[in-house]
Amino acid sequence: MKNLLLILGFLLLGIAPSFSADLDTIIRRGKLIVAVKNNLPPLAFLDSQGNLQGLEIDIAKRLASEILGSDSAIILKPVSNQERLQVVIDDRVDLAIARVAITPARQRLVDFSPFYYLDSSGFVTKNPQLQRLEDLANSRIAVLNGSTTIALVRSNLPNAILRGVASYQEALNLLETGEIDAFAADNSLLTGWVQQFPNYRQLPIELGAIALGVVL
(Lines of atoms letter the chains of each structure in order from A and count residues from 1; the text may use other names and numbers.)
(Lines give C-alpha, C1' and ligand atoms only; values in the text may rest on other atoms or scores of the structure.)
Protein backbone atom coordinates (compact mmCIF):
# COMPACT_ATOMS: atom_id res chain seq x y z
CA MET A 1 0.00 0.00 0.00
CA LYS A 2 2.83 2.44 0.76
CA ASN A 3 4.31 1.84 -2.68
CA LEU A 4 0.93 2.44 -4.30
CA LEU A 5 0.45 5.68 -2.39
CA LEU A 6 3.90 6.86 -3.44
CA ILE A 7 3.17 6.06 -7.08
CA LEU A 8 -0.15 7.86 -6.90
CA GLY A 9 1.43 10.90 -5.27
CA PHE A 10 3.76 11.42 -8.21
CA LEU A 11 1.00 10.46 -10.63
CA LEU A 12 -1.40 13.07 -9.32
CA LEU A 13 1.25 15.77 -9.57
CA GLY A 14 1.63 14.96 -13.24
CA ILE A 15 -2.07 14.67 -13.98
CA ALA A 16 -3.35 17.80 -12.29
CA PRO A 17 -2.15 20.44 -14.83
CA SER A 18 -3.41 18.56 -17.89
CA PHE A 19 -6.59 17.63 -16.10
CA SER A 20 -7.56 21.06 -14.76
CA ALA A 21 -9.62 22.20 -17.78
CA ASP A 22 -11.94 19.19 -17.39
CA LEU A 23 -12.15 19.01 -13.62
CA ASP A 24 -15.32 21.10 -13.44
CA THR A 25 -17.05 18.75 -15.88
CA ILE A 26 -15.96 15.70 -13.90
CA ILE A 27 -17.04 17.23 -10.59
CA ARG A 28 -20.46 18.23 -11.99
CA ARG A 29 -20.90 14.72 -13.38
CA GLY A 30 -19.87 13.16 -10.08
CA LYS A 31 -18.07 10.30 -11.80
CA LEU A 32 -14.59 9.78 -13.23
CA ILE A 33 -14.78 7.78 -16.47
CA VAL A 34 -11.69 5.64 -17.05
CA ALA A 35 -10.80 3.29 -19.89
CA VAL A 36 -9.19 0.10 -18.57
CA LYS A 37 -8.24 -3.41 -19.62
CA ASN A 38 -9.97 -6.45 -18.18
CA ASN A 39 -7.74 -9.30 -19.35
CA LEU A 40 -4.19 -8.40 -18.33
CA PRO A 41 -3.34 -9.83 -14.90
CA PRO A 42 -1.81 -8.58 -12.68
CA LEU A 43 -2.43 -5.04 -14.01
CA ALA A 44 -6.17 -5.31 -14.73
CA PHE A 45 -8.37 -8.40 -14.80
CA LEU A 46 -11.70 -9.90 -13.76
CA ASP A 47 -11.66 -11.90 -10.54
CA SER A 48 -13.75 -15.02 -9.94
CA GLN A 49 -16.76 -12.83 -9.04
CA GLY A 50 -16.44 -10.80 -12.24
CA ASN A 51 -15.05 -7.72 -10.49
CA LEU A 52 -12.19 -5.69 -11.96
CA GLN A 53 -8.97 -5.99 -9.96
CA GLY A 54 -5.28 -5.12 -10.35
CA LEU A 55 -2.76 -2.31 -10.04
CA GLU A 56 -4.32 -0.15 -12.76
CA ILE A 57 -7.78 -0.54 -11.24
CA ASP A 58 -6.38 0.50 -7.85
CA ILE A 59 -4.80 3.59 -9.44
CA ALA A 60 -8.08 4.52 -11.17
CA LYS A 61 -10.07 4.18 -7.95
CA ARG A 62 -7.55 6.18 -5.95
CA LEU A 63 -7.73 8.99 -8.52
CA ALA A 64 -11.52 9.00 -8.19
CA SER A 65 -11.12 9.22 -4.42
CA GLU A 66 -8.67 12.13 -4.69
CA ILE A 67 -10.80 14.04 -7.21
CA LEU A 68 -14.35 13.22 -6.07
CA GLY A 69 -13.90 11.99 -2.52
CA SER A 70 -14.92 8.38 -3.11
CA ASP A 71 -13.29 5.46 -4.87
CA SER A 72 -16.75 4.34 -5.98
CA ALA A 73 -17.29 7.60 -7.91
CA ILE A 74 -15.96 5.95 -11.02
CA ILE A 75 -17.08 4.32 -14.26
CA LEU A 76 -14.61 1.73 -15.56
CA LYS A 77 -14.90 1.05 -19.28
CA PRO A 78 -13.01 -1.98 -20.63
CA VAL A 79 -11.47 -1.29 -24.04
CA SER A 80 -9.42 -3.13 -26.63
CA ASN A 81 -5.80 -2.21 -27.31
CA GLN A 82 -6.84 -0.48 -30.52
CA GLU A 83 -9.32 1.75 -28.66
CA ARG A 84 -7.11 2.93 -25.80
CA LEU A 85 -5.99 6.23 -27.32
CA GLN A 86 -9.04 6.92 -29.47
CA VAL A 87 -11.54 6.89 -26.60
CA VAL A 88 -9.52 9.67 -24.93
CA ILE A 89 -9.13 11.64 -28.16
CA ASP A 90 -12.89 11.38 -28.78
CA ASP A 91 -13.69 12.44 -25.18
CA ARG A 92 -15.58 9.22 -24.53
CA VAL A 93 -13.57 8.83 -21.31
CA ASP A 94 -11.68 11.23 -19.06
CA LEU A 95 -8.48 9.19 -19.17
CA ALA A 96 -7.14 5.74 -19.94
CA ILE A 97 -5.22 3.54 -17.51
CA ALA A 98 -4.92 0.57 -19.83
CA ARG A 99 -1.32 -0.63 -20.05
CA VAL A 100 -0.32 2.09 -22.50
CA ALA A 101 3.41 2.41 -23.15
CA ILE A 102 4.69 5.97 -23.45
CA THR A 103 6.26 6.34 -26.90
CA PRO A 104 7.21 9.40 -28.99
CA ALA A 105 4.60 8.49 -31.61
CA ARG A 106 1.83 8.33 -29.03
CA GLN A 107 3.00 11.54 -27.35
CA ARG A 108 2.24 13.34 -30.60
CA LEU A 109 -1.39 12.26 -30.27
CA VAL A 110 -2.15 12.45 -26.55
CA ASP A 111 -0.73 13.66 -23.25
CA PHE A 112 0.67 11.27 -20.65
CA SER A 113 1.18 11.36 -16.91
CA PRO A 114 4.60 10.48 -15.49
CA PHE A 115 5.03 6.72 -15.71
CA TYR A 116 3.45 4.63 -12.97
CA TYR A 117 5.05 1.30 -13.92
CA LEU A 118 8.33 0.37 -15.61
CA ASP A 119 8.04 -2.88 -17.52
CA SER A 120 10.32 -4.94 -19.76
CA SER A 121 9.90 -7.63 -22.40
CA GLY A 122 10.51 -11.30 -21.73
CA PHE A 123 9.58 -14.83 -22.76
CA VAL A 124 7.47 -17.80 -21.70
CA THR A 125 8.04 -21.36 -22.85
CA LYS A 126 7.61 -24.94 -21.72
CA ASN A 127 10.68 -26.16 -23.61
CA PRO A 128 13.19 -27.20 -20.92
CA GLN A 129 16.11 -26.59 -23.30
CA LEU A 130 15.35 -22.86 -23.43
CA GLN A 131 16.89 -21.22 -20.37
CA ARG A 132 18.82 -18.11 -21.50
CA LEU A 133 18.58 -15.51 -24.23
CA GLU A 134 21.27 -17.32 -26.23
CA ASP A 135 19.12 -20.45 -26.33
CA LEU A 136 16.45 -18.52 -28.25
CA ALA A 137 18.82 -17.44 -31.02
CA ASN A 138 17.20 -19.54 -33.77
CA SER A 139 13.83 -20.19 -32.14
CA ARG A 140 10.32 -19.61 -33.44
CA ILE A 141 8.86 -16.84 -31.30
CA ALA A 142 5.35 -15.40 -31.27
CA VAL A 143 4.86 -11.67 -30.67
CA LEU A 144 1.72 -9.55 -30.50
CA ASN A 145 1.10 -7.61 -33.69
CA GLY A 146 2.13 -3.96 -33.29
CA SER A 147 3.74 -4.46 -29.88
CA THR A 148 6.88 -2.71 -28.65
CA THR A 149 8.31 -6.17 -27.97
CA ILE A 150 8.86 -6.83 -31.69
CA ALA A 151 11.72 -4.36 -32.08
CA LEU A 152 13.39 -5.56 -28.89
CA VAL A 153 13.31 -9.21 -29.96
CA ARG A 154 14.57 -8.38 -33.45
CA SER A 155 17.44 -6.36 -32.00
CA ASN A 156 18.52 -9.03 -29.52
CA LEU A 157 17.68 -12.13 -31.58
CA PRO A 158 18.20 -11.21 -35.26
CA ASN A 159 18.09 -14.85 -36.40
CA ALA A 160 14.91 -15.79 -34.57
CA ILE A 161 11.79 -16.50 -36.62
CA LEU A 162 9.03 -14.14 -35.46
CA ARG A 163 5.35 -14.89 -35.90
CA GLY A 164 2.77 -12.18 -35.31
CA VAL A 165 -0.36 -13.05 -33.34
CA ALA A 166 -3.52 -11.08 -32.66
CA SER A 167 -4.08 -12.25 -29.08
CA TYR A 168 -2.64 -14.10 -26.10
CA GLN A 169 -5.01 -16.96 -26.84
CA GLU A 170 -3.59 -17.32 -30.33
CA ALA A 171 -0.07 -17.44 -28.88
CA LEU A 172 -1.17 -20.11 -26.40
CA ASN A 173 -2.71 -22.19 -29.17
CA LEU A 174 0.52 -22.04 -31.19
CA LEU A 175 2.58 -23.03 -28.15
CA GLU A 176 0.28 -25.93 -27.37
CA THR A 177 0.50 -27.27 -30.93
CA GLY A 178 4.29 -26.85 -31.02
CA GLU A 179 4.22 -24.36 -33.91
CA ILE A 180 6.31 -21.90 -31.88
CA ASP A 181 8.96 -22.37 -29.20
CA ALA A 182 8.29 -19.30 -27.06
CA PHE A 183 6.06 -16.27 -26.69
CA ALA A 184 7.55 -12.81 -26.15
CA ALA A 185 5.58 -10.07 -24.40
CA ASP A 186 5.73 -7.72 -21.41
CA ASN A 187 7.07 -9.38 -18.28
CA SER A 188 4.25 -8.01 -16.12
CA LEU A 189 1.72 -9.83 -18.29
CA LEU A 190 3.80 -12.98 -18.57
CA THR A 191 3.82 -13.16 -14.77
CA GLY A 192 0.05 -13.48 -14.93
CA TRP A 193 0.39 -16.00 -17.78
CA VAL A 194 2.48 -18.49 -15.76
CA GLN A 195 0.14 -18.12 -12.80
CA GLN A 196 -2.75 -19.12 -15.05
CA PHE A 197 -0.80 -21.78 -16.95
CA PRO A 198 1.73 -23.25 -14.49
CA ASN A 199 3.15 -25.71 -17.03
CA TYR A 200 4.91 -22.71 -18.63
CA ARG A 201 8.06 -21.00 -17.37
CA GLN A 202 8.91 -17.31 -17.50
CA LEU A 203 12.56 -16.99 -18.47
CA PRO A 204 14.77 -14.70 -16.32
CA ILE A 205 15.24 -12.24 -19.19
CA GLU A 206 14.48 -8.51 -19.30
CA LEU A 207 14.71 -6.69 -22.62
CA GLY A 208 14.41 -2.90 -22.75
CA ALA A 209 12.41 -0.61 -20.49
CA ILE A 210 8.74 0.08 -21.16
CA ALA A 211 7.22 2.99 -19.23
CA LEU A 212 3.45 2.82 -18.74
CA GLY A 213 1.53 6.06 -18.29
CA VAL A 214 -2.00 7.38 -17.89
CA VAL A 215 -3.43 8.74 -21.16
CA LEU A 216 -4.91 12.20 -20.57
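By the count of my numbering, the sequence shown reaches residue 201 at its end, each step adding exactly one. Built from N, CA and C at the ideal position, the CB exists for glycine as well. In this text the structure is predicted, and so the values were computed from the model without any measurement.
| query | result |
| --- | --- |
| From Thr133, Leu118, Tyr185, Ser57, pick the residue whose C-alpha is nearest to that of Ala90; which is it? | Thr133 |
| Could you check what DSSP says for Pro89 in three-state terms: helix, strand or coil? | helix |
| Report all residues from its chain with a CB closer than 8 Å to the CB of Thr110; omit the five preceding and five following residues, and keep chain order. | Leu160, Asp166, Ala167, Phe168, Tyr185, Arg186, Leu188 |
| To the nearest whole angstrom, what separates the beta carbons of Ile190 and Leu118, a pair I think is in contact under 8 Å? | 5 Å |
| Can you give me the C-alpha to C-alpha distance between Asn158 and Ala127, rounded to a whole angstrom? | 11 Å |
| When the Cα of Asp120 is compared with those of Gln67, Pro26, Asn144, which residue comes out closest? | Asn144 |
| Cα-Cα, which of Arg14, Asn23, Gln92 is closest to Val199? | Gln92 |
| Reducing DSSP to helix, strand and coil, say where Ala6 ends up. | Since pLDDT at Ala6 reaches only 49, below the 50 mark, its modelled position is unreliable, and the value read off the structure follows with that caveat. Reduced to three states, the DSSP call for Ala6 is helix. |
| Shortest alpha-carbon distance to Ala86 belongs to which of Val179, Ser105, Arg77? | Ser105 |
| Starting from the Cα of Asn172, find the closest Cα among Ala151, Ile18, Asn130, Arg84 and give me that residue. | Arg84 |
| Out of Arg47, Lys22, Ala58, which has the shortest C-alpha to C-alpha gap to Arg14? | Ala58 |
| Taking DSSP as the reference, what is the three-state secondary structure of Gln71? | helix |
| Would you list the residues sitting across from Ser170 in a DSSP beta bridge? | Looking at the sequence shown, residue 170 is not Ser but Ala. DSSP output for Ala170 lists Gly107 as bridge partner(s). |
| Give the single residue among Asn112, Asn141, Pro113, Phe108 whose Cα lies nearest to the Cα of Ala122. | Asn141 |
| Starting from Ala196, follow its DSSP beta bridges and name the residues at the other end. | Leu103 |
| With which residues is Leu63 paired in a DSSP beta bridge? | The sequence shown places Pro at residue 63, not Leu. DSSP, once it has assigned bridges, lists Val21 as partnering Pro63. |
| Who are Ala29's beta bridge partners in DSSP? | Leu25 |
| Is Gln187 helix, strand or coil when you go by DSSP? | strand |
| I need the boundaries of the beta strand (DSSP E) containing Ile146, first residue and last residue. | 146 to 150 |
| Verify whether the separation of the beta carbon atoms of Val19 and Val78 is less than 8 Å. | yes |
| Hey, could you find the ends of the beta strand (DSSP E) Arg125 is sitting in? | 125 to 129 |
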